[in-house]
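Residue numbers (the numbering used here), protein chains in the order written: chain A, 50 to 346; chain B, 55 to 327.
The C-beta atom is built at its ideal place from N, Cα and C for all residues, glycine as well.
All values derive from a computational prediction rather than experimental measurement.
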């Protein structure tokens with residue numbers, strides 16, 4: 050039986066769009082990551098060419114592996130990869146530490162107040178990411194507000210260097226991705242049955258212990274979702290390291306940007322993109338599997 | 055979680071919301087500072103707002119961004135609703151796993167990678183870059199967000215309502231347009247707004263895919279922010295934050311009223327929820 054036309058169109062239209070503008074472009078990135086840079090417009094050479102040699106016609110395919118070899122042998126690129134992973138992991142852990150008490154506090158509030166708290170968490174998420182990162186520039190710079198505040202209190206004798214440090218990048222990532230951590234944890238905690246905690250306490254469990262033995266294990270899916278949602282985009286983050294991290298903070302998203310816009314080395318930038326995807330494919334697959342499990346439950 | 059918030063919870067909430075809001079509040083307050091210095095309060099002034107509205111580059115960029123957000127949110131609403139319907143309603147077709155992957159992957163894809171890949175597509179097709187290439191790029195990632203919103207709504211939607219309409223003789227498309235669509239409309243509005251906000255906010259993907267004559271507002275803000283904090287940018291940001299807050303609060307109040315009305319209507323008819 051042939052499926053009705055409406056159904057076919059319903060699948061085909063978004064399928065074709067995503068295939069054309071999401072999947073296919075990746076194949077081009079893959080192709081370009083194996084081509085040679087050239088002083089031309091666009092700045093790379095084709096990998097497939099018709100070549101005539103001694104009267105014979107050849108279809109020559111030249112795959113330039115050097116882009117990948119450069120990435121793997123040059124310490125700077127490797128350092129960018131490892132420090133991206135380190136910064137993203139640290140920021141994820143910090144975000145969890147900040148977000149969990151907030152989510153717990155929200156879940157313990159009365160049901161009438163909760164929608165307002167939820168709105169209050171969502172609002173910064175709706176406001177521009179760029180603006181939120183930019184706001185920290187004014188706070189963290191040498192003659193910025195935080196230094197003025199600390200100097201005024203007499204806690205420090207001279208201004209601290211805060212902007213253009215890794216600490217600033219961590220603050221920026223934790224700050225801008227915090228709603229992504231709070232929301233899934235809150236959504237999970239809100240559904241907990243309070244009688245479970247009461248039962249644990251009735252059976253003689255102390256509240257702190259009950260928290261670790263009951264609340265935290267139950268909240269695991271929310272915690273995992275939040276961690277993935279912060280970690281994965283943080284690895285490839287560009288805006289935060291560029292505006293808050295200064296020239297010395299190596300992060301792979303910024304490396305890609307610089308290779309592309311400053312050095313105009315499109316093949317190398319593509320190779321960076323492919324390696325970044327390879328690094329991220331494990332957490333992305335784990336995340337999708339975890340989401341699928343959640344939906345089954 | 056009925057215990058009620060203890061003092062520790064209240065402390066966590068106070069500190070947490072202070073952390074979330076203080077930087078934005080500082081930015082807003084400082085946009086009214088007459089002095090150019092970030093640490094010196096020179097009295098209340100609207101001079102930076104005057105200079106924003108006299109800055110034609112900024113206004114042009116804002117106009118580009120608004121048109122871009124409108125076009126791509128509308129296209130993404132259409133495509134995303136279709137994709138969401140497919141995810142929930144059509145369980146079997148060749149390539150379903152690929153389809154699901156393509157809808158979910160852009161949500162976690164690093165922006166630099168998405169931007170680079172789309173730029174290379176446009177270059178290899180020899181398409182002149184500008185407004186429409188950015189619009190295509192924004193439509194693509196916003197489609198995925200809309201699809202997820204619509205999918206979530208349809209999963210809790212009672213398909214029996216649409217089936218009843220079809221049993222009574224409505225063709226599937228008509229049943230969908232007359233029964234399902236009005237019921238999921240609030241999610242569609244939410245999805246459109248999300249797509250609009252995402253497009254308005256995007257710096258990275260637009261920087262890769264744009265061309266001459268299509269500089270967006272985030273690109274202007276970014277290039278000025280790189281040179282350091284400026285009160286004029288504070289003023290632009292304050293205007294944006296104010297608009298977004300207004301829309302988000304208005305929409306959530308409207309949705310709350312709708313829910314209350316529906317609940318009241320159900321109560322009158324004595325139906326079960």
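Residue pairing by DSSP places residue 99 of chain A opposite A:108 in a beta bridge.
Closest in C-alpha terms to residue 266 of chain A, from the list A:212, A:279, A:245, comes A:245. Between residue 156 of chain B and residue 326 of chain A a beta carbon distance of about 14 angstroms is seen, past the 8 angstroms cut, so the two are scored as non-contacting.
A direct Cα-Cα distance of roughly 11 angstroms separates residue 303 of chain A from residue 295 of chain A.
As computed with DSSP, residue 86 of chain A is found in a beta bridge with A:93. In terms of CA proximity to residue 238 of chain A, A:263 leads the group A:216, A:227, A:263, A:250. Within chain A, 64 have C-beta atoms less than 7 angstroms from the C-beta of residue 153 of chain B, given in sequence order. In this structure, residue 179 of chain A places its C-beta atom within 8 angstroms of the C-beta atom of residue 257 of chain B. When C-beta distances to chain B are compared with 8 angstroms, every residue of the region 247 to 272 of chain A stays at or above that value. Within its own chain, the residues whose Cβ lies closer than 7 angstroms to the Cβ of residue 93 of chain A, once the five positions on either side in sequence are excluded, are 81, 84, 85, 86, 87, 315, 316, listed in chain order.
With contact defined as three or more Cβ pairs closer than 8 angstroms, the region 79 to 90 of chain B and the region 246 to 253 of chain B are not in contact. In the DSSP assignment, residue 198 of chain B falls within the alpha helix (DSSP H) that extends over 185 to 209. Identification of residues in the region 166 to 184 of chain A having a C-beta nearer than 8 angstroms to some C-beta of chain B yields 166, 168, 169, 170, 171, 172, 173, 175, 176, 177, 178, 179, 180, 181, 183, 184, given in sequence order. Only residues of its own chain outside the window of five on either side were considered, and among them 188, 189, 211 have a CB closer than 7 angstroms to the CB of residue 195 of chain A, listed in chain order. Against chain B, the CB of residue 276 of chain A has no partner CB under 8 angstroms away; the residue lies outside that interface.
Judged by DSSP in its simplified three-state form, residue 98 of chain B adopts strand. Residue 219 of chain B sits close to residue 232 of chain B, with the two beta carbons spaced by under 8 angstroms.
Considering only A:72, A:157, A:110, A:136, the residue with the shortest C-alpha distance to residue 236 of chain A is A:157. Between the region 192 to 202 of chain B and the region 97 to 104 of chain A there are fewer than three inter-stretch CB-CB distances shorter than 8 angstroms, so the stretches are not counted as touching. In the pairwise beta carbon analysis, the region 141 to 151 of chain B is classified as not touching the region 324 to 344 of chain A: fewer than three pairs are separated by under 8 angstroms.
In the structure shown, residue 109 of chain B falls within a coil segment according to DSSP collapsed to helix, strand and coil. Under DSSP, residue 87 of chain B takes part in a beta bridge, and its partners are B:98. By alpha-carbon distance to residue 280 of chain B, the top candidate from A:289, A:331, A:113 is A:289. By the rule that beta-carbons nearer than 8 angstroms mark a contact, residue 59 of chain A touches chain B.
Contact annotation: residue 275 of chain B and residue 259 of chain B have beta-carbon atoms that are not nearer than 8 angstroms. Annotated three-state conformation of residue 311 of chain B is helix, per DSSP. For residue 165 of chain A, the enclosing alpha helix (DSSP H) starts and ends at 163 to 175.
Within the same chain, Cβ atoms closer than 7 angstroms to the Cβ of residue 109 of chain A are found at 98, 100, the five residues on either side in sequence being excluded. In this structure, B:262 is the residue among B:128, B:262, B:226 with its C-alpha nearest to the C-alpha of residue 169 of chain B. By the neighbour-count definition (other C-beta atoms within 10 Å, threshold 16), residue 271 of chain A is a buried residue. For residue 190 of chain A, there is no enclosing alpha helix (DSSP H), as DSSP gives it neither H nor E. When rounded, the separation of the alpha-carbon atoms in residue 236 of chain B and residue 115 of chain A is 56 angstroms. With 16 or more other Cβ atoms inside 10 Å of its own Cβ, residue 175 of chain A counts as buried.
Under the three-state reduction of DSSP, residue 159 of chain A is assigned to coil, being neither helix nor strand.
If you draw a straight line from the Cα of residue 65 of chain A to the Cα of residue 52 of chain A, it comes to about 18 angstroms.
In the displayed model, residue 160 of chain B falls within a helix according to three-state DSSP.
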